[in-house]
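*Asks:*
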Amino acid sequence: MSVLLDLVIPGSETVVDVLKAIVGVCIEMKESQESCARLHQRLKDIFDELLKMEKRKRLPSSTALDKYVRVVANYLQYLEHYRGKKLILRLIEHQKMMGELLLINEEVDTLFKILGLAGIDAMMEWRQVWTADQRVQQELMTTMVANTATVMGELQNTRAQLEAMMLLQFETEQRSERHSDNAMQLMQSMMSTVVKGSKATVEKLPPWFLPSSELEFEPEAFAQGSFASVHRGVWGSGTHVVVKRFLVDDSTEVDVSVKLQIEAEMNLWHQFNHPNIIKMFGASHVSSPPFIVCEDATNGLGLDYMHKKRVVHGDLKLNNILPQPVKLPSQAVYAGEHPSA
1 MSVLLDLVIP GSETVVDVLK AIVGVCIEMK ESQESCARLH QRLKDIFDEL LKMEKRKRLP
61 SSTALDKYVR VVANYLQYLE HYRGKKLILR LIEHQKMMGE LLLINEEVDT LFKILGLAGI
121 DAMMEWRQVW TADQRVQQEL MTTMVANTAT VMGELQNTRA QLEAMMLLQF ETEQRSERHS
181 DNAMQLMQSM MSTVVKGSKA TVEKLPPWFL PSSELEFEPE AFAQGSFASV HRGVWGSGTH
241 VVVKRFLVDD STEVDVSVKL QIEAEMNLWH QFNHPNIIKM FGASHVSSPP FIVCEDATNG
301 LGLDYMHKKR VVHGDLKLNN ILPQPVKLPS QAVYAGEHPS A
């Protein structure tokens, strides 16, 4: 009985099946497809060498095999995270994507050494083509972001176009230090393409804007009203948050009055700064649907503070007052509020 054929990726399938599946997933990596396919081939080559070792009854230690399984699992997780993303996200995350892919390749180098395969030249040639692959990817990106049909083909309605503008502004204005000069130029080029191809007016970036791509949330709401549903989620690198998603039909453009009401709530909540008011981390008024992200907190006493700010909560009820162990109820600003006259 083969030990290798029984190796299983935790939470997934056997290594053999995962390696087969990765071939198809690499195609969804678009301009990074070649680099991803090369890494897959390296992992496949190692597995083939392990099979030869097994036939000679010279399999490496279980520790070494576990290391191989972890690297394959890491690569699968990487592909599942980045597969099938739209051009704008691939552009913004390209530097990060390639950095992570480089690290996985270096983990494979370590595997070669552990398994005694470092002397096989064909398995160590990836560095020679890595730079060339990066150059080709940059050329493809440059062509695509300047092509109106390509860019606007993924931004079918005004909301999508506005969100793209906001996202590009956010990255170039708020996070320029994270991007190379070349990446900044590509984002500026794409911004010009979107502006030229859209009838939407470029809006000023709100101080509270938060990209939807940085947020994951549970599909099941733990609370819901007539205007929004409330979910638990994770923001960024692992911050647990609460997400308020406005009940707007994704198939239609947002009515102007509804849009203004949503933006007014975001602007108002962002102004609050009190330990007993649930903190708002950010929001997006142009996403489908619009959302607000706030701290996953359950204590505080903010109603008096809100009244001093001449703000009426508008939906005060037990569901919006969250008791805590420290016996200070927190004022949840999940429902609509409005300034008092």
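Using the UniProt record's numbering, the letters of the sequence shown correspond one by one to residues 1 to 341.
Yeah, the Cβ is synthetic: ideal placement off N, Cα and C, and Gly gets one too.
1. Take the Cβ of Leu186 as the centre, count every other Cβ of all protein chains shown within 10 Å, and call the residue buried at 16 or more, exposed below.
2. From His40 to Glu93, what distance separates their C-alpha atoms?
3. Measuring only the C-alpha atoms, how far is Met190 from Leu59?
4. Measuring alpha carbon to alpha carbon, tell me which residue in Gln188, Val25, Glu54 and Phe246 is nearest Tyr78.
5. If I follow the unbroken beta strand (DSSP E) through Lys244, where does it start and stop?
6. Give me the Cα-Cα distance between Leu111 and Gly84, rounded to the nearest whole angstrom.
7. Compute the distance between the beta-carbons of Ser288 and Arg159, then report whether it is under 8 Å.
8. To which residues of the same chain is Asn105 closer than 7 Å at the C-beta, ignoring the five residues directly before and after it?
9. Can you list, in chain order, the residues of its chain with a C-beta nearer than 7 Å to that of Glu34? Leave out the 5 residues immediately preceding and following it.
10. I'd like to know whether the C-beta atoms of His179 and Glu171 end up nearer to each other than 8 Å.
11. Roughly how many angstroms lie between the CA atoms of Thr143 and Phe47, to the nearest whole one?
12. Answer yes or no: do Val293 and Val243 have a C-beta to C-beta separation smaller than 8 Å?
13. Which two residues bound the contiguous beta strand (DSSP E) that contains Val293?
14. For Ser2, collect the residues of the same chain with a Cβ closer than 7 Å to its Cβ; drop the 5 residues on either side in sequence, then sort them by chain order.
15. How many angstroms separate the CA atom of His240 from the CA atom of Leu89?
16. Roughly how many angstroms lie between the CA atoms of Val312 and Phe291, to the nearest whole one?
17. So the beta strand (DSSP E) Met280 belongs to, where does it begin and stop?
18. State yes or no: is the C-beta of Thr148 within less than 8 Å of the C-beta of Leu87?
19. Could you work out which residue in Lys44, Glu28, Cys36 and Leu7 is closest to Lys20 when comparing CA atoms only?
20. Could you check what DSSP says for Gly236 in three-state terms: helix, strand or coil?
21. Which residues mark the beginning and the end of the beta strand (DSSP E) in which Phe47 is found?
22. Tell me which residue opens and which closes the alpha helix (DSSP H) that Phe112 is part of.
23. For Val16, which option in Thr63, Val69, Arg56 and Lys30 has the closest C-alpha, if you only look at C-alpha atoms?
24. Taking only three categories from DSSP, how would you classify Thr14?
25. Restricting to Cα atoms, I'd like to know which of Glu163, Ser237, Ala221 and Ile27 is closest to Glu214.
*Replies:* Taking the structure as given:
1. On the sequence shown, residue 186 is found 186 positions in, with the first residue counted as 1. With a 10 Å radius around the Cβ and a threshold of 16 neighbouring Cβ atoms, Leu186 comes out buried.
2. Along the sequence shown, read from residue 1 onward, the residue named residue 40 stands at position 40. Along the sequence shown, read from residue 1 onward, the residue named residue 93 stands at position 93. Between His40 and Glu93, the C-alpha separation is close to 21 Å.
3. Within the sequence shown, the letter at position 190 stands for residue 190. Within the sequence shown, the letter at position 59 stands for residue 59. So the alpha carbons of these two residues sit roughly 51 Å apart.
4. In the sequence shown, the residue the question calls residue 78 occupies position 78. Minimum Cα distance to Tyr78 is reached at Val25.
5. Residue 244 sits at position 244 when you count from the first residue of the sequence shown. Looking at the DSSP string, the run of the beta strand (DSSP E) that includes Lys244 is Thr239 to Phe246.
6. For the purposes of this step, residue 111 is taken as the residue at position 111 of the sequence shown. For the purposes of this step, residue 84 is taken as the residue at position 84 of the sequence shown. Answer to the nearest angstrom: the Cα atoms are 29 Å apart.
7. For the purposes of this step, residue 288 is identified with residue 288 of the sequence shown, where counting begins at 1. For the purposes of this step, residue 159 is identified with residue 159 of the sequence shown, where counting begins at 1. With a cutoff of 8 Å on beta-carbon distance, Ser288 and Arg159 are scored as near each other.
8. One-based indexing of the sequence shown puts residue 105 at position 105. Hits under 7 Å: Leu39 and Trp126.
9. Looking up residue 34 in the sequence shown gives position 34. If you ignore the 5 residues before and after Glu34, its C-beta comes within less than 7 Å of the C-beta of Asp133, all in its own chain and listed in chain order.
10. Walking along the sequence shown from the start, residue 179 turns up at place 179. Walking along the sequence shown from the start, residue 171 turns up at place 171. Going by beta carbons, His179 and Glu171 fall inside the 8 Å limit.
11. Within the sequence shown, numbered from 1, the residue matching residue 143 stands at position 143. Within the sequence shown, numbered from 1, the residue matching residue 47 stands at position 47. Those two C-alpha atoms are separated by around 37 Å.
12. Residue 293 sits at position 293 when you count from the first residue of the sequence shown. Residue 243 sits at position 243 when you count from the first residue of the sequence shown. Against a cut-off of 8 Å, the Cβ pair of Val243 and Val293 comes out as a contact.
13. As a position in the sequence shown, residue 293 is number 293, starting the count at 1. Taken as a continuous stretch (DSSP letters only), the beta strand (DSSP E) holding Val293 covers Phe291 to Glu295.
14. The sequence position of residue 2 within the sequence shown is 2, counting from 1. Hits under 7 Å: Glu54.
15. In the sequence shown, counting from the first residue as 1, residue 240 sits at position 240. In the sequence shown, counting from the first residue as 1, residue 89 sits at position 89. C-alpha of His240 to C-alpha of Leu89: approximately 23 Å in a straight line.
16. Taking the first residue of the sequence shown as 1, we reach residue 312 at position 312. Taking the first residue of the sequence shown as 1, we reach residue 291 at position 291. Legend: pLDDT at Val312 = 40, less than 50; position of this residue unreliable, no value from coordinates given.
17. Looking up residue 280 in the sequence shown gives position 280. That run of the beta strand (DSSP E) goes Met280 to Ser284.
18. Within the sequence shown, the letter at position 148 stands for residue 148. Within the sequence shown, the letter at position 87 stands for residue 87. In this structure, Leu87 does not lie closer than 8 Å to Thr148 by Cβ.
19. For the purposes of this step, residue 20 is taken as the residue at position 20 of the sequence shown. Of Lys44, Glu28, Cys36 and Leu7, the residue nearest in Cα terms is Lys44.
20. Sequence index remark: in the sequence shown, residue 236 carries index 236 (1-based). It is coil, neither helix nor strand.
21. Taking the sequence shown and counting its residues from 1, the one referred to as residue 47 is at position 47. For Phe47, there is no enclosing beta strand (DSSP E); the enclosing alpha helix (DSSP H) has its first and last residue at Gln33 to Lys55.
22. Looking up residue 112 in the sequence shown gives position 112. From DSSP, the alpha helix (DSSP H) with Phe112 extends over Leu87 to Ile114.
23. Translated into positions along the sequence shown, residue 16 becomes position 16. Among Thr63, Val69, Arg56 and Lys30, the Cα nearest to that of Val16 is on Val69.
24. In the sequence shown, residue 14 corresponds to position 14, counting from 1. Here Thr14 sits in strand by DSSP.
25. What you label residue 214 is simply residue 214 of the sequence shown in a count that begins at 1. That would be Ser237, whose Cα lies nearest to the Cα of Glu214.
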